[in-house]
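In this note's numbering, the protein residues as written are 10 to 150. Idealized CB from N, CA, C, for every residue including glycine. In this text the structure is predicted, and so the values were computed from the model without any measurement. Worksheet: the structure to be examined is printed underneath.
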């Protein structure tokens, strides 16, 4: 019996990028985020080009495409209501309402796989760039 190959793959640079973000952002004082996309040619999960480490929600919001889904891995330092410092490590599934049905299906099939590979604590779905600026309230839910 042959084993089926997975539909989505993670090239070594993607795995390294996710691991570096996870370990490099644990003590950061500013948000740390990377954007990932699915390559339509080989269905691999790759860092959006040009590869960049985003350190503000504004620049992250500006970097999101208006009509194509994306995965964002975010480490966001904050102080809880009881005064404790914490840094949630989350996957943001950016799914704009203007995305094509084909793109929505492509990304929907990869959400749990990306979540597992990134080893995040929480999944947050947003539908427009403006929601990115309100992420702190979503992290406290």
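Measure the C-alpha to C-alpha separation of residue 71 and residue 63 and round it to an integer number of angstroms.
Near 10 Å, if we compare the C-alpha coordinates of residue 63 and residue 71.
When you compare the CB positions of residue 85 and residue 134, do they come within less than 8 Å of one another, or not?
In this structure, residue 134 does not lie closer than 8 Å to residue 85 by Cβ.
Should residue 15 go down as buried or exposed, given a rule of 16 or more other Cβ atoms within 10 Å for buried?
The residue is exposed, with fewer than 16 neighbouring Cβ atoms inside 10 Å.
Counting only runs that start and end within the segment 82-142, where is the alpha helix (DSSP H) found for 4 or more residues in a row?
Qualifying alpha helix (DSSP H) stretches, in chain order: 110-117, 120-127, 138-141.
Name the DSSP bridge partner or partners of residue 41?
Bridge partners of residue 41: 84.
Can you give the Cα-Cα distance for residue 65 and residue 97, rounded to whole angstroms?
So the alpha carbons of these two residues sit roughly 15 Å apart.
Please classify residue 14: does DSSP put it in a helix, a strand, or coil?
Since pLDDT at residue 14 reaches only 49, below the 50 mark, its modelled position is unreliable, and no value is offered.
Write down the C-beta distance between residue 108 and residue 78 rounded to the nearest angstrom, noting that I regard them as a contact closer than 8 Å.
Going by Cβ atoms, the distance from residue 108 to residue 78 rounds to 5 Å, so yes, they are a contact pair.
Could you tell me the boundaries of the alpha helix (DSSP H) in which residue 67 lies?
Start and end: 66-72.
Measure the C-alpha to C-alpha separation of residue 10 and residue 17 and round it to an integer number of angstroms.
Note that residue 10 has pLDDT 41, beneath the 50 cutoff, so the model's placement of it is unreliable and no number is given.
Can you tell me whether residue 31 is helix, strand or coil according to DSSP?
Three-state DSSP puts residue 31 in a helix.
Quickly, what does DSSP pair residue 54 with across the bridge? List them, please.
Answer by DSSP bridge pairing, in chain order: 47.
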